[in-house]
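Novice: Taken in sequence, the protein lines are chains E and V.
Quick note on numbering: the first sequence equals residues 1 to 210 in my numbering.
Quick note on numbering: the second sequence equals residues 1001 to 1340 in my numbering.
From the three backbone atoms N, C-alpha and C, an ideal C-beta is built for every residue, glycine too.
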Amino acid sequence: MIRSIQILILFFSLGVRAQDSIPVKVMYDRFEIQPGKTILFQDDSIRIDVVKFYLTNVVVGGSELSSGLLFDLEKDQNYLLIPISQIDEIQFTLGVDSLTNSNGISGGILDPIHGMYWSWQSGYINFKLEGIHFENGIAEEFNFHIGGFLNGYNCERRIQLQGSSNVSRLELDLYQMLQTLSTDQLKKIMSPGKRAMDLADILADSFFLR
Amino acid sequence: MRLIAIFFGLIFLLVGFRNNQSIELIFPSSWPEPIYNDDNYPLNEQKVELGRALFFDPQLSSDNTISCASCHSPYNAFTHVDHQLSHGINDRIGTRNSPAIFNLAWQKDLMWDGAIHHVDAQALAPINHPDEMGSSINEIVQKLNKDVRYKKAFKSIYSDDLITGERVLKLLGQFMISLVSCDSKYDRVMSGKDKFDEQEKRGYELFCKNCSECHKEPLFSDYSFRNNGLEPDPQLKDIGRMKITQNRMDSLKFKVPSLRNIEFTFPYMHDGRYKKLTEVIDHYDRKIHFSNTLDPILEKGIHFTTNEKVDLVAFLLTLTDKNFMFAPEHGYPKDFFDQK
Chain E
1 MIRSIQILIL FFSLGVRAQD SIPVKVMYDR FEIQPGKTIL FQDDSIRIDV VKFYLTNVVV
61 GGSELSSGLL FDLEKDQNYL LIPISQIDEI QFTLGVDSLT NSNGISGGIL DPIHGMYWSW
121 QSGYINFKLE GIHFENGIAE EFNFHIGGFL NGYNCERRIQ LQGSSNVSRL ELDLYQMLQT
181 LSTDQLKKIM SPGKRAMDLA DILADSFFLR
Chain V
1001 MRLIAIFFGL IFLLVGFRNN QSIELIFPSS WPEPIYNDDN YPLNEQKVEL GRALFFDPQL
1061 SSDNTISCAS CHSPYNAFTH VDHQLSHGIN DRIGTRNSPA IFNLAWQKDL MWDGAIHHVD
1121 AQALAPINHP DEMGSSINEI VQKLNKDVRY KKAFKSIYSD DLITGERVLK LLGQFMISLV
1181 SCDSKYDRVM SGKDKFDEQE KRGYELFCKN CSECHKEPLF SDYSFRNNGL EPDPQLKDIG
1241 RMKITQNRMD SLKFKVPSLR NIEFTFPYMH DGRYKKLTEV IDHYDRKIHF SNTLDPILEK
1301 GIHFTTNEKV DLVAFLLTLT DKNFMFAPEH GYPKDFFDQK
């Protein structure tokens, strides 16, 4: 009896050891973004205060991870726990899939206490980016809340990336996303619609394995 | 070893049984099947009870003064009377009239414009609204986690006493889904237990001919979004369903409300512009405002003689379900709040 328990323990600890984690970072070009710090942007600057997003239904090495990630720039560390140490390929959804959305409220990282659920209209917010754009001495706030799954505006995006032998992290590069600030389009997107769909497309092309 | 296993098995069974007081919605057999799918989260007596406590608890607002029941009182079929637009914390006034809450299990979309697609998500709207409860689910969860009455109740339902946003919202959902109103005089007439008087009968015929296309029996709504010809209020500038779908064809469309308990759910319409049923009927008779999205059924208005109006109102009053409104299991849960 005791022996078999020992074997069981050994088995489990081996299982745990075979697990690895891959950090998730948010970048602007080659620089890692820090909350509240200012970055140079064109001739002016940008301060990023909030970056929060969901990575869900993550598939690595052919098997689906038991949990996704609510990335939050404010947290010290953001990482995905993966069953293997080497990533050949990763697939994930940026946001929350429409089936989960249509079932109403979920728990864990999907608990609305995390501030990623819309209240005046239902559905999870897939991605949040907030900060201030300083341009010619004028400070202008920007708020991008990207989400929505109904009425033809489904903002979930499935992303597939190929790895190489020495993948060390998953990066979201906000370079393209932030370029939209220099156009004269609205700097506050808080509801589902065409603009949110376009931004979701940009974000879907902004993930990299490095 | 085996004894221990049996022991744990027994405990599991006991806990299982205690948590398994599932309940079913009771409604007339002639009704359609509910849309609410309770396979994921079956209705449970204890959960409905705890959801009721949350519904009546002013701790859900930032200054502990307003509960869901403040705007959705059971004695008015869970709506707010005497104010056109609902009042929230600090007496701030919202932009819409609070709808009555019952038979939600048959509704796909909630709110006048269908903004909410699931009953469990519903509570977030008033909780976060600065003019309604002005709080956040996070703040509420923190408050409730300090309240021993809730700790105890959560423990007995979930086996741990953790109060999460998910649980709070689903409990409120359970209570609201359990609210079924199906015991009006109309229902008794339909099941052969009662009879309309002559006036009610004439009213019912007028209703079937003129109103039931939208206010469809037996729920008295088809829960579609339509423009019933209300002149838009220049101050509120409420575009209705279009806000959600961003489709011009949905401009000025609002959800067809059920007419059950209509005697008690005044004021009427999404902005509460009418106080009396006779005013509503006058609206259909001669105040239809023409616009691109006006429902074709109403293009020529619906005209009634004075007598017909009286008959129609007499019929509408048969939709009152006092047993629903005054059911003790829908009222203030005194026992819960009185515990120390």
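Below 8 Å between beta carbons is the criterion; list the residues of the segment 159–184 of chain E that meet it against any residue of chain V, in chain order.
Specialist: The segment 159–184 of chain E vs chain V, Cβ under 8 Å: nothing.
Novice: So, using beta-carbon positions, are SER67 (chain E) and PRO83 (chain E) closer together than 9 Å?
Specialist: Not closer than 9 Å, so no.
Novice: On the criterion of 16 or more Cβ atoms from any shown chain inside 10 Å, does ILE1345 (chain V) qualify as buried, or is it exposed?
Specialist: An answer regarding residue 1345 (chain V) cannot be provided, because it is not within the stretch 1001 to 1340 covered by chain V.
Novice: Determine, using beta carbons only, whether SER128 (chain E) comes closer than 9 Å to chain V.
Specialist: According to the sequence shown, residue 128 (chain E) is Lys rather than Ser. Chain V contact via Cβ: absent.
Novice: Along the segment 128–151 of chain E, what residues have a CB closer than 7 Å to any CB found in chain V?
Specialist: Listed by position along the chain: LEU150, ASN151.
Novice: So if I threshold CB-CB distances at 7 Å, which residues from the segment 1146–1170 of chain V count as touching chain E?
Specialist: If the cut-off is 7 Å between Cβ atoms, the segment 1146–1170 of chain V has THR1164, GLY1165, GLU1166, LEU1169, LYS1170 near chain E.
Novice: Listed in chain order, which residues of the segment 1238–1271 of chain V have Cβ atoms closer than 7 Å to some Cβ of chain E?
Specialist: For the segment 1238–1271 of chain V, which is checked against every Cβ of chain E, the residues closer than 7 Å are ILE1244, THR1245, GLN1246.
Novice: With three or more C-beta pairs closer than 8 Å as the rule, is the segment 1217–1237 of chain V touching the segment 1265–1275 of chain V?
Specialist: Output reads yes: the segment 1217–1237 of chain V touches the segment 1265–1275 of chain V.
Novice: Excluding the 5 residues flanking VAL1206 (chain V) on each side, which residues of the same chain have their C-beta closer than 8 Å to its C-beta?
Specialist: The sequence given here places Leu at residue 1206 (chain V); Val does not occur at that position. Closer than 8 Å at Cβ, skipping near neighbours: PHE1304, GLU1308, ASP1311, LEU1312, PHE1315.
Novice: Considering ARG47 (chain E), what are the terminal residues of the beta strand (DSSP E) in which it resides?
Specialist: Its beta strand (DSSP E) spans residues 44–60.
Novice: Of all Cβ atoms in chain V, is any one closer than 9 Å to the Cβ of LYS37 (chain E)?
Specialist: Answer no: the Cβ-Cβ gap between LYS37 (chain E) and chain V never drops below 9 Å.
Novice: Please report the straight-line C-alpha distance between ASP76 (chain E) and PHE1324 (chain V), rounded to a whole angstrom.
Specialist: ASP76 (chain E) and PHE1324 (chain V): Cα-Cα distance of roughly 53 Å.
Novice: Nearest to THR1320 (chain V) by CA position, among V:TYR1274, V:VAL1256, V:LEU1060, V:GLU1263, is which residue?
Specialist: Checked all of V:TYR1274, V:VAL1256, V:LEU1060, V:GLU1263; the closest Cα to THR1320 (chain V) is V:GLU1263.
Novice: What three-state label does DSSP hand PHE149 (chain E) in the structure shown?
Specialist: Residue state, collapsed to three classes: coil.
Novice: Which value, in whole angstroms, describes the spacing of the CA atoms of LYS1146 (chain V) and PHE1056 (chain V)?
Specialist: Computed Cα separation, rounded: 18 Å.
Novice: Please identify the residue among V:SER1251, V:ARG1286, V:LYS1216 whose C-alpha is closest to the C-alpha of GLN947 (chain V).
Specialist: Past the edges of chain V, shown from 1001 to 1340, lies residue 947 (chain V), and the structure says nothing about it.
Novice: Name the two residues that bound the continuous alpha helix (DSSP H) containing ASN1128 (chain V).
Specialist: Unbroken alpha helix (DSSP H) run through ASN1128 (chain V): 1124–1128.
Novice: Considering only the alpha carbon of each residue, which of V:SER1221, V:ARG1286, V:VAL1180 lies closest to ILE1023 (chain V)?
Specialist: The option with the nearest alpha carbon to ILE1023 (chain V) is V:VAL1180.
Novice: In the DSSP assignment, find the unbroken beta strand (DSSP E) run with ARG158 (chain E) in it and report its ends.
Specialist: 157–162 is the extent of the beta strand (DSSP E) around ARG158 (chain E).
Novice: Have a look at the DSSP bridge pairing and note the partners of GLY131 (chain E).
Specialist: In the DSSP output, where bridge partners are listed per residue, GLY131 (chain E) has E:ILE48, E:PHE142.
Novice: Tell me, please, whether the CB atom of GLY68 (chain E) is closer than 9 Å to any CB atom in chain V?
Specialist: GLY68 (chain E) does not count as touching chain V.
Novice: Pairing CB atoms from the segment 1058–1071 of chain V with CB atoms from the segment 1184–1196 of chain V, are three or more of them under 8 Å?
Specialist: Judged by Cβ distances under 8 Å, the segment 1058–1071 of chain V makes no contact with the segment 1184–1196 of chain V, as fewer than three pairs qualify.
Novice: Give me the chain E residues within the contact set of LEU1124 (chain V), using Cβ-Cβ distance strictly less than 7 Å, ordered along the chain.
Specialist: Chain E residues near LEU1124 (chain V): PRO112, TYR117, SER119.
Novice: With distances taken from CA atoms, which of V:SER1291, V:ARG1260, V:TYR1274 is nearest SER1251 (chain V)?
Specialist: If we check each option's Cα against that of SER1251 (chain V), V:SER1291 comes out closest.
Novice: Taking Cβ-Cβ distances below 8 Å as the criterion, which residues of the segment 1103–1117 of chain V are in contact with chain E?
Specialist: Hits within the stretch, in order: ALA1115, ILE1116, HIS1117.
Novice: Alpha carbon to alpha carbon, how far is MET190 (chain E) from LYS1255 (chain V)?
Specialist: So the alpha carbons of these two residues sit roughly 24 Å apart.
Novice: Per DSSP, what kind of secondary structure is ASN126 (chain E) in: helix, strand or coil?
Specialist: ASN126 (chain E): strand per DSSP, three-state reduction.
Novice: Taking three-plus beta-carbon pairs below 8 Å as touching, is the segment 179–186 of chain E in contact with the segment 101–109 of chain E?
Specialist: Judged by Cβ distances under 8 Å, the segment 179–186 of chain E makes no contact with the segment 101–109 of chain E, as fewer than three pairs qualify.
Novice: Determine which residues share a DSSP beta bridge with LEU40 (chain E) and list them.
Specialist: Partner(s): E:SER45.
Novice: What are the residues in the segment 1039–1053 of chain V lying within 8 Å of chain E by C-beta distance?
Specialist: Residues passing the 8 Å Cβ filter: ASN1040.
Novice: So ARG169 (chain E) and ARG210 (chain E) are in contact, right, with Cβ under 8 Å, and what is the actual spacing, rounded?
Specialist: Going by Cβ atoms, the distance from ARG169 (chain E) to ARG210 (chain E) rounds to 6 Å, so yes, they are a contact pair.
Novice: Among residues of its own chain, excluding the 5 on either side of PRO1028 (chain V), which ones have a beta-carbon nearer than 8 Å to its beta-carbon?
Specialist: Cβ neighbours of PRO1028 (chain V) beyond the five flanking positions: CYS1182, ASP1187, MET1190, SER1191, PRO1218.
Novice: I'd like to know whether the C-beta of ASP1222 (chain V) is nearer than 9 Å to at least one C-beta of chain E.
Specialist: Not closer than 9 Å to any Cβ of chain E, the Cβ of ASP1222 (chain V) fails to qualify, so no.
Novice: Please compile the residues from chain E whose C-beta is within a distance smaller than 7 Å of the C-beta of ILE1137 (chain V).
Specialist: Here the neighbours are PRO112, ILE113.
Novice: Can you find the residues in the same chain that come closer than 6 Å, C-beta to C-beta, to GLN91 (chain E), ignoring five residues on each side of it along the sequence?
Specialist: So the qualifying residues of the chain are VAL59, GLN160.
Novice: Is GLU156 (chain E) near SER98 (chain E), with beta carbons less than 9 Å apart?
Specialist: Contact: yes.
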